[in-house]
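*Asks:*
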Amino acid sequence: MTGMDQALASLKQYFGYGSFRPGQEGLVSAILGGRDCLGVMPTGAGKSICYQIPATILPGVTIVVSPLVSLMRDQVDGLEDAGIKAGFVNSTQSPDEQAMALAEAAQGRVRILYVAPERLAAPRFLDFARRADIALVAVDEAHCVSQWGQDFRPAYLGIGDFIAQLPDRPTVAAFTATATERVRRDIVAMLDLQDPYLAVTGFDRPNLFFDVVKLETRAKNHWVLSYVKEHGQESGIVYCATRKETEALADELNAAGSAAVAYHGGLGAQERDRAQSAFVNDEVQVVVATNAFGMGIDKSNVRYVIHHNMPESIEAYYQEAGRAGRDGEPARCTLLWNESDIVTRRRLLDMDSGNDRLSGEEAEAVKAGHRHLLNTMIGYCRTTSCLHTYMLSYFGEEVAPSAAAVSPAAAGDGDGPDRGRGCGNCSNCLSTFSTIDVSDLARAISRCVHDVGQRFGSGKVVQVLAGSKSQDLISRGLDRCPSYGSLHGVGVARIRDVLNQMASDGYLAITEGRLPLVQFGPKAAQTVSPDFHYEIKQVRRPKSETSAPGKVYGRTTALAAGDGEPTEEEERLFQDLRRVRTGIAREIGKPPYIVFSDKTLRDMCRRRPTSDEAFLEVSGVGEHKLELYGERFMEAIRDFD
Ligand code: ADP
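Counting from 0, one number per residue, gives the positions in the sequence shown under numbering that gives the first Met the number 0.
#1: Spatial neighbours of residue 602 within its chain, please: CB distance less than 6 Å, with the 5 preceding and 5 following residues excluded, ordered by chain position.
#2: Whose C-beta lies closer than 6 Å to the C-beta of residue 530 among residues of the same chain, with five residues either side of it excluded?
#3: Distance, Cα to Cα, residue 220 vs residue 248?
#4: In the DSSP assignment, find the unbroken beta strand (DSSP E) run with residue 303 in it and report its ends.
#5: Does the distance between the C-beta of residue 9 and the nearest non-hydrogen atom of the ligand ADP fall short of 8 Å?
#6: Tell me the DSSP secondary structure of residue 7 in three-state form.
#7: What is the rounded straight-line gap between the Cα of residue 550 and the Cα of residue 426?
#8: If I'm right that residue 30 touches residue 170 with Cβ under 8 Å, what's the distance once you round it to whole angstroms?
#9: Given a cut-off of 9 Å on the beta-carbon distance, is the pair residue 128 and residue 173 in contact?
#10: Can you tell which of 119, 165, 78 and 79 has the C-alpha that lies nearest to the C-alpha of residue 97?
#11: What residues are listed by DSSP as bridge partners for residue 34?
#12: Return helix, strand or coil for residue 425, following the three-state DSSP convention.
#13: Can you give me the C-alpha to C-alpha distance between residue 561 and residue 38, rounded to a whole angstrom?
#14: Quick one, are the C-beta atoms of residue 334 and residue 211 less than 9 Å apart?
#15: Per DSSP, what kind of secondary structure is residue 439 in: helix, strand or coil?
#16: In its own chain, which residues sit with a C-beta less than 6 Å from the C-beta of residue 547, not counting the 5 before and 5 after it?
#17: Helix, strand or coil, according to DSSP, for residue 486 in the structure here?
#18: Could you tell me if the beta carbon of residue 278 falls within a distance shorter than 8 Å of some heavy atom in the ligand ADP?
#19: Please list the terminal residues of the continuous alpha helix (DSSP H) segment that includes residue 125.
#20: For the beta strand (DSSP E) that contains residue 331, what are its first and last residues?
#21: Can you tell me whether residue 293 sits near the ligand ADP, meaning its C-beta is under 8 Å from at least one heavy atom of the ligand?
#22: Within 8 Å, do at least three Cβ pairs link the segment 292-312 to the segment 223-240?
#23: Does the segment 358-365 come close enough to the segment 322-333 that 3 or more CB-CB pairs lie under 8 Å?
#24: Under a three-way DSSP split, which group does residue 526 fall into?
#25: For residue 110 versus residue 44, is the C-beta spacing smaller than 9 Å?
#26: Tell me which residue opens and which closes the alpha helix (DSSP H) that residue 458 is part of.
#27: Bridge partners of residue 170, per DSSP?
#28: Answer with buried or exposed for residue 636, where buried requires no fewer than 16 other C-beta atoms within 10 angstroms of its C-beta.
#29: Candidates 454, 337 and 569: which alpha carbon is nearest residue 477's?
#30: If we call anything under 9 Å between Cβ atoms a contact, is residue 199 one with residue 234?
#31: When the distance is taken between beta carbons, is residue 144 closer than 9 Å to residue 113?
#32: If I follow the unbroken beta strand (DSSP E) through residue 210, where does it start and stop?
#33: If we define contact as Cβ-Cβ less than 9 Å, is residue 571 a contact residue for chain C?
#34: Do the segment 497-507 and the segment 517-537 meet, that is, are 3 or more Cβ pairs less than 8 Å apart?
#35: Say yes only if the C-beta of residue 351 is nearer than 8 Å to one or more non-hydrogen atoms of the ligand ADP, and no if none qualify.
#36: So which of 368, 577 and 445 has the shortest CA-CA distance to residue 599?
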């Protein structure tokens, strides 16, 4: 058997997969041939298999350096479940446990040993490593070696030294999901990779449905509650901007009967662990979290990620949203936003006093950088083009014509020339847009802000324009202002929307403080110019969408042939199989996705295997898992028929 035949056989035997994904084959082949390599692939693309498969074939042990200490146990559990002997050494273990793990590895009893970078310099570890037969050193999250990245880990700088101290230089393979050229060059230099084979795969995640929904702040919670209720069986993450919001929304969800838990940096370590494990073990359906949640979460069956607020950059958004659908099954990433989110973000940025060690000029440069990042995020909220394309071109990727965006100009007017074009897997490609001329409205708003002397908040300004009969307004004499009722009949939601958009575009400014006032922004003078023109965009979403937020449409577009919409019967069987999985997970004390991924259960529903041979045909079932769990699932399938 050639090396690659062996690799394919291993892929089937241990992981139950019939073929390699893009990028994997080249990397596996390079490693088997003893060549260093660098794999740049997005989260969920399958980086781990690139070193795990060679580890099952190469003589000796594979050392995996990973910064994610909290994940190691799960990773080792997953490998053991697949029938591959593995272990780990890190600071969560007592010295005795560490010694034991090393002794096992020294005796050749594990094929893969995970280690935190800090361990590499420990005399005991070095002593082990010098004597062991190390075939491969795989460096996970390799961008941590770069001081240009936000995840820099000083201990990563010691990896090169560690390798240099080994009597026989093993093959070194580095993996990362960070694409920038600078970071890539750093990885090659700092790890001293020798003539590395480079594999960079596309950053698109075709199974993710991207969705942007513009909603007033007060409507957001209702949207989340009804989405979560409709997806009662599915796991999801809701990201909020503040700790307080996470707790309030989690409480609301629980009160509405959806099991939720809050997670943020203000909780104690134990509480955080408890929240995380309740989510990972499918005991609660939703985690409502700040951006403190995520790093170190390897749950593959997250079916949706909802952002309750706009994040500060596309990078942050793609990383957080990308936690959905790691198993390759359809998942949905929804961003709820409105113009006042933008105003808040801008204000936070301006207030940020930054780093004391920076000079005024440097601090201003950093801020300008952040402003640029924020602007590209705002562009994502506002674009009418394909959202997949927007993101990919942001990351510098060429986009195939078939997935190309409908340009904003083409999508501008009229009724839906863009419907059904583009990727078919984002809300923009399924919606129609029209632009509405609101120049008169904008002028009236500007005039009103002037009339009330820039001394009132947006609520009052809107009330004045709409001609509200509120007692408070009248007692302040605002009903005598010239703008009173000048937009009567327009609808307060529309007025508010235009006002907020004017604030985020710089025609107006909202002051800081407990009672923010609407004042003129830097571009205010333009609103009185005769050729002032102002528009807002209106989205018309497909019917199913407005009545039932979050129904996964476009489900079939991105997936391989045969992955159609599940029938009702398949769905019932899927739920039965999930229960079997939950039962097993409880018995063995491991997360359900370690038993089988959602994708594997889906394939099982389609094939309904009742014999060992047929069960092995299911994607994601290897020989060891057939032996461990096959009978329990086949029994459920037989009972179902
Ligand atoms: P990454 O480390 O790149 O984020 P993982 O290694 O965690 O990704 O893989 C993501 C998922 O894809 C896992 O569930 C894994 O089992 C699955 N996977 C990896 N390679 C393949 C393959 N060749 N065929 C099918 N599924 C795969």
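Yeah, the Cβ is synthetic: ideal placement off N, Cα and C, and Gly gets one too. All values derive from a computational prediction rather than experimental measurement.
*Replies:* Judging by the given coordinates:
#1: 617 and 618
#2: none
#3: 7 Å
#4: 301-306
#5: no
#6: Note: residue 7 maps to helix in three-state DSSP.
#7: Residue placement at residue 550 is flagged as unreliable, the pLDDT there being 40, under the threshold of 50; the coordinate-derived value follows with that caveat. Cα to Cα, the separation comes out at about 11 Å.
#8: 6 Å
#9: no
#10: 119
#11: When beta bridges are read from the DSSP output, residue 34 appears opposite no residue.
#12: strand
#13: A caution first: residue 561 carries a pLDDT of 44, below 50, which makes its placement in the model unreliable, though a value can still be read off. Going by the C-alpha atoms only, they are around 29 Å apart.
#14: Cβ distance < 9 Å, so residue 334 and residue 211 count as in contact.
#15: helix
#16: Its pLDDT being 38, under 50, residue 547 is placed unreliably in this model, and the value from its coordinates should be taken loosely. Closer than 6 Å at Cβ, skipping near neighbours: no residue.
#17: Residue state for residue 486 is assigned as coil, using DSSP reduced to three classes.
#18: Every heavy atom of the ligand ADP is 8 Å or more from the Cβ of residue 278, so no.
#19: 122-130
#20: 330-336
#21: no
#22: yes
#23: no
#24: helix
#25: no
#26: 457-465
#27: 135
#28: buried
#29: 454
#30: Not in contact: residue 199 and residue 234 (Cβ atoms no closer than 9 Å).
#31: no
#32: 207-213
#33: No chain C is part of this structure, which consists of one protein chain only.
#34: yes
#35: no
#36: When each option's Cα is compared against that of residue 599, the closest is 577.
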